[in-house]
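Asker:
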Amino acid sequence: MRLTEFPRRRYTAAPTPLEPLARLSAHLGGPNLWIKRDDLLGLAAGGNKTRKLEFLVADALEKGADTLVTTGAVQSNHCRLTLAAAVREGLACRLVLEERVANSYSPGASGNNFLFGLLGVEAVTVVPAGTDLMAEMTKVAAELAGQGRSAYVIPGGGSNPLGALGYVSCAQELMQQAFESGLRIDHLVTASGSGGTHAGVVAGLTGTGAGVAITGISVRAPKAPQEEKILGLARATAELAGARSLPTADDVVVLDDYVGAGYSLPTDGMIEAVKLFARHEGVLLDPVYTGKAAAGLIDMVRRGAFGRLENVVFLHTGGSPALYAYQDVLTD
Ligand SMILES: *Cc1c(COP(=O)(O)O)cnc(C)c1O
């Protein structure tokens, strides 16, 4: 694949660690669990959007943009990281926040919402669930154009084929690390939301014939539409990257059993997973994405989805700032 043909900014100095989760593996009675620490990526407090933004912001700069416009939920990690990238590049940033849960926006809220202000967001527009977010961002871009400015619009989660190249690159990095340490990776588990992460990993791992089974744990959508979305994006991403063969439906598996009552709403499995990772490994997950993805991973272990000696990698996509907006449900 031809990743070097794309302009890229660098926001992380080195590969993120691939670490064994020895204590958690022992607690659960196997398999061998590993963690890919993308929570340690660069930009303010890290997380998976940083890899996508390396490609998206490079494109924005090449197109002469002076402002990044993007969208997310009221505690969006993607919005925090897009804003941080804008600050790093000397760009302005405007956010369109979707109230996916009615009345969930509170200007004084902690977590990522607090960081939007601290990082100096230029303007925030709050819209109700179901709003056409691309149309809303286009409005913001048009308003800026009217003032002689130039906006670059990034879709929710940075999940278009260009952004998903960040996770093709992560897949390559992971396989290189596995090779260096003589590790055969059997399975990878990741959160699956706007989809760029899951789709990029699928494109990257199938494109290199890595033979790693991939499970995406949905944090919002039901299984069928999420699988359809991931397959479409994975194929478009593989095509953009110049892959010789495109992923097929067999390469895309989504489980939707861990969403609970809805996006961002706490579940018992999430609470257990956040506490298990914190207390056995000293690793902070988040309540909206990695907590639910880890609940899926733990349940898969318990129902025997993996062989006892298999090596299973959990992709930690970040998000810990959101913990501070969920203190009430996570305090014993
Ligand atoms: C956005 C996000 C995800 C989901 O990634 P997508 O590429 O949107 O599917 C997972 N974890 C965290 C912490 C996120 O912020």
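Plus 5 on top of the position in the sequence shown (first one is 1) and you've got this note's numbering.
Virtual Cβ for every residue (Gly too), placed ideally from N, Cα, C.
Predicted model, so just to flag it, every value in this text is computed and none were measured.
1. Three-state secondary structure (DSSP) at S197?
2. Take every Cβ of the region 282–295, pair it with every Cβ of the region 154–167, and state whether three or more of those distances are shorter than 8 Å.
3. Pick out whichever of R240, D64, R28, V101 has its Cα sitting closest to the Cα of G211.
4. Within 10 angstroms of the Cβ of S199, are there 16 or more other Cβ atoms? Answer buried if so, exposed if not.
5. Taking 8 Å as the cut-off, does the region 121–138 touch the region 96–111 (at least 3 CB pairs, one atom from each stretch)?
6. If we require 3 or more residues per run, which beta strand (DSSP E) segments fall completely within the region 73–104?
7. What number of angstroms, rounded off, separates the C-alpha of T87 from the C-alpha of G47?
8. In the DSSP assignment, what are the bridge partners of S223?
9. For T75 and P12, I'd like the C-alpha separation in whole angstroms.
10. Going by the DSSP bridge assignment, what does P292 pair with across the sheet?
11. Between the region 201–219 and the region 162–173, can you find at least three pairs of beta-carbon atoms closer than 8 Å?
12. Should G52 be labelled buried (16 or more other beta-carbon atoms within 10 Å of its own) or exposed?
13. Assign I276 to one of three DSSP states: helix, strand, or coil.
14. Roughly how many whole angstroms lie between the Cα atoms of T295 and A226?
15. Determine the direct distance from the alpha carbon of R93 to that of L123, and round the result to whole angstroms.
16. Could you give the distance in angstroms between the alpha-carbon of R316 and the alpha-carbon of V259?
17. Would a C-beta distance cut-off of 7 Å place I222 and A298 closer than the cut-off?
18. Residue range of the alpha helix (DSSP H) that R240 falls in?
19. In terms of residues, what are the limits of the beta strand (DSSP E) holding P133?
20. Following a CB-centred definition, is G52 positioned closer than 6 Å to any heavy atom of ligand 1?
21. When DSSP labels each residue in this structure, what does R7 get in the three-state scheme?
Answerer: Let me spell this out:
1. Reduced to three states, the DSSP call for S197 is strand.
2. no
3. The amino acid at residue 211 is misidentified as Gly; the sequence shows Thr. That would be R240, whose Cα lies nearest to the Cα of T211.
4. buried
5. Output reads yes: the region 121–138 touches the region 96–111.
6. Fully enclosed beta strand (DSSP E) runs of 3 or longer: 97–104.
7. 12 Å
8. S197
9. 20 Å
10. For P292, which the question treats as bridged, DSSP gives no partner whatsoever.
11. yes
12. Buried, by the Cβ-count rule.
13. Secondary structure at I276: helix, using DSSP grouped into helix, strand and coil.
14. For T295 and A226, the gap between their C-alpha atoms comes out near 15 Å.
15. 14 Å
16. Residue identity differs from the one stated: residue 316 is Asn in this sequence, not Arg. Spanning the two alpha carbons is a distance of roughly 20 Å.
17. Taking a C-beta distance under 7 Å as the contact criterion, I222 and A298 qualify as a contact pair.
18. 228–245
19. 128–133
20. yes
21. coil
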